[in-house]
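Residue numbers (mature numbering (1 follows the signal peptide of the UniProt record, and there is no 0)): -29 to -1, 1 to 610.
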């Protein structure tokens, strides 16, 4: 049995040396200045982003992608993503361009590679050539197995793993230029790519090892020792009143990294040590003896490799960095930055809010750094998408399809009708197993012939968004038919598949969503820290399980929340409910029905709108009187 060098192997004693909390707090007279980090190539102009994107995914030549060529190519890209076809490099277009995605160019609904290549046999083999250090091999193998099963469930195909030799589909991880002529681009951006079926590299699938590969919900860290051995870190966790989003050395005098395995360490006291080469010996590792050639090595060997010829691989640290200028080196805590001491990852010094750390004791002296682990990308979801390419499918413009080019996390993957039709046109239907339940078609959707009920309507950054189930429609001009449907998760990936209400905070330009008894707050498409929270945190009753709708009234900048036959008024400036609420809707809102579906107050026309089933009510915001009852499909969907 191996254990920490400073612990007895028979008894692991909890030794968390707590430092004075107030002494550890870092107080600043002003926020840390924004600095330029060496090796950080994430700052590009919108035009640079657009030119690179259109060249890579839409074939716009670098030398001549300008003026009319650029405008026409932009329109093609905007049409593919159901954006307004302006031909201009606008904010919404750039937001899509900056989203993580597959490296294969875009086409259309379940289109195929040129000449529709496919495998001629039903039994397709695959081989895993390498693994990422981000996950253990068992988890990686299982992710690939499940990704292939997504396609075998709806076709006659059978996928078999082989351990050596040449397989039909060779799977590997790589960085930058990795031998196939299609280099990766570092963290984010391109996640993976795959080749169409065929000889040689045909079917091969490659994953960018500069990404953090997870199961889509944060780094998977299994702790050692402590009092929760074998359990997983809970990020974020609360320690001495402060939240930590990564392993930390805070509270210890020996520098060892630890985490809590429940959210509230202060109450539960459950913890363990994070994997790190300094912290434990793995099987035959010994970091203090002599290794090959009589020289001393800090590596995983016995005390004398020359004699024993025995070795093992050192454990991957839980705090390996991504990107930056340190090639994955682990965080070093504590470290100095602009004269201040940090015991965990920080966003200080950055304008994009990304968490980072130094990999030496002083960033000020050495300027060596990297990004800290974030939610990461689901290896299963990305693999299922890439294997679609390896079977012959190109990208789909259906936002609900697995084969859509932009990465969108979901806990429960179900192939869309578009995915199933595409793969079955190539390989046919399964002959020996029932078909799984398919999602209904996403595009095209004839909204005028669908029974659509809005779950929420909100004006966000000047556009009106209509939410129904897991989809949304959007328009910047109510006189025109809205575009869509698009997946809600494409814009706000952490939201559940169905929301109850949404509004834009008029004072902070943040978007607030409600589903069940929880709420989410976003700045653009970035979820604010500490969310989701319970709706009771706004001052709503703790026994209220959901609200019907919420809208911000532009006249007084206050937010009204409706549930059943009651409503509340929330003061955005004071961050609390106004006194005297709830009140009955019938007593204050003439002709407005109970159990609303949605409501919105438009900044531009001086009216508020209340939606119920297939109709809406239009209220004059000055007179506070209903001035029209109209048909939703006719007036809002332009049927």
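Note that beta-carbon positions come from the ideal geometry of N, C-alpha and C, so glycine has one too.
Buried or exposed (CB count within 10 angstroms, at least 16 for buried), residue i
| i | result |
| --- | --- |
| residue 68 | buried |
| residue 355 | buried |
| residue 33 | exposed |
| residue 139 | buried |
| residue 168 | buried |
| residue 115 | buried |
| residue 475 | buried |
| residue 546 | exposed |
| residue 605 | exposed |
| residue 265 | Bear in mind that a pLDDT of 38 at residue 265, under 50, signals an unreliable position, so the number given afterwards is only what the model happens to contain. Residue 265 is exposed by the Cβ-count criterion. |
| residue 562 | exposed |
| residue 152 | exposed |
| residue 15 | exposed |
| residue 179 | buried |
| residue 241 | buried |
| residue 611 | Outside the shown range of the chain (-29 to 610) lies residue 611, about which nothing can therefore be said. |
| residue 600 | exposed |
Proximity of residue i and residue j at Cβ, strictly below 9 Å
| i | j | result |
| --- | --- | --- |
| residue 529 | residue 541 | yes |
| residue 219 | residue 347 | no |
| residue 398 | residue 127 | yes |
| residue 570 | residue 521 | yes |
| residue 112 | residue 65 | no |
| residue 496 | residue 462 | yes |
| residue 141 | residue 176 | yes |
| residue 380 | residue 465 | yes |
| residue 181 | residue 40 | no |
| residue 471 | residue 440 | no |
| residue 342 | residue 325 | yes |
| residue 174 | residue 90 | yes |
| residue 468 | residue 432 | no |
| residue 362 | residue 373 | no |
Neighbourhood of residue i by C-beta, 6 Å cutoff - its chain only, sequence neighbours within 5 removed
| i | result |
| --- | --- |
| residue 609 | 452 |
| residue 502 | 491, 492 |
| residue 442 | 456 |
| residue 510 | 547, 548 |
| residue 193 | 203 |
| residue 409 | Residue placement at residue 409 is poorly supported in this model, since its pLDDT is 44, which falls under 50; the coordinates are not used for a value here. |
| residue 214 | 207 |
Residue i versus residue j - alpha carbon distance
| i | j | result |
| --- | --- | --- |
| residue 217 | residue 531 | 37 Å |
| residue 334 | residue 298 | 16 Å |
| residue 344 | residue 231 | 16 Å |
| residue 93 | residue 323 | 48 Å |
| residue 585 | residue 436 | 17 Å |
| residue 378 | residue 369 | 13 Å |
| residue 590 | residue 574 | 13 Å |
| residue 122 | residue 394 | 8 Å |
| residue 602 | residue 498 | 34 Å |
| residue 592 | residue 52 | 36 Å |
| residue 284 | residue 477 | Bear in mind that a pLDDT of 41 at residue 284, under 50, signals an unreliable position, so the number given afterwards is only what the model happens to contain. Going by the C-alpha atoms only, they are around 55 Å apart. |
| residue 98 | residue 351 | 16 Å |
| residue 311 | residue 149 | 39 Å |
| residue 577 | residue 434 | 16 Å |
| residue 566 | residue 458 | 26 Å |
| residue 482 | residue 63 | 16 Å |
| residue 50 | residue 21 | 15 Å |
| residue 25 | residue 353 | 22 Å |
| residue 314 | residue 338 | 17 Å |
| residue 198 | residue 308 | 33 Å |
| residue 27 | residue 172 | 20 Å |
| residue 145 | residue 101 | 9 Å |
| residue 103 | residue 117 | 17 Å |
| residue 429 | residue 330 | 44 Å |
| residue 221 | residue 239 | 17 Å |
Close beta carbons around residue i, own chain, < 8 Å, minus the five adjacent residues each side
| i | result |
| --- | --- |
| residue 75 | 164, 165, 360, 365, 366, 376 |
| residue 234 | 205, 207, 208, 209 |
| residue 515 | 488, 506, 507, 534 |
| residue 454 | 53, 54, 55, 444, 445, 446 |
| residue 147 | 154, 155, 156, 157, 181 |
Cutoff 7 Å; reference residue i; Cβ partners in own chain excluding five residues on either side
| i | result |
| --- | --- |
| residue 131 | 94, 96 |
| residue -7 | Because residue -7 carries a pLDDT of 36, less than 50, the predicted location of this residue cannot be relied on, and no value is offered for it. |
| residue 423 | 439 |
I'd like the ranges of any beta strand (DSSP E) spanning at least 3 consecutive residues and lying wholly in the stretch 330 to 362.
340 to 342
* Asked: Could you give the uninterrupted runs of the alpha helix (DSSP H) lying entirely in the stretch 569 to 598, keeping only those of 4 residues or more?
  -> none
Threshold first: 3 residues or longer. Then list the beta strand (DSSP E) segments lying entirely within the stretch 460 to 505, N to C. Runs of the beta strand (DSSP E) inside the stretch 460 to 505: 472 to 476, 481 to 486, 489 to 494.
Pick out the complete beta strand (DSSP E) segments inside the stretch 172 to 251, 3 residues or longer, and give them in chain order. 176 to 179, 208 to 210, 213 to 215, 229 to 231, 242 to 244
What are the complete alpha helix (DSSP H) segments, minimum 4 residues, inside the stretch 19 to 96?
Runs found: 38 to 51, 62 to 68.
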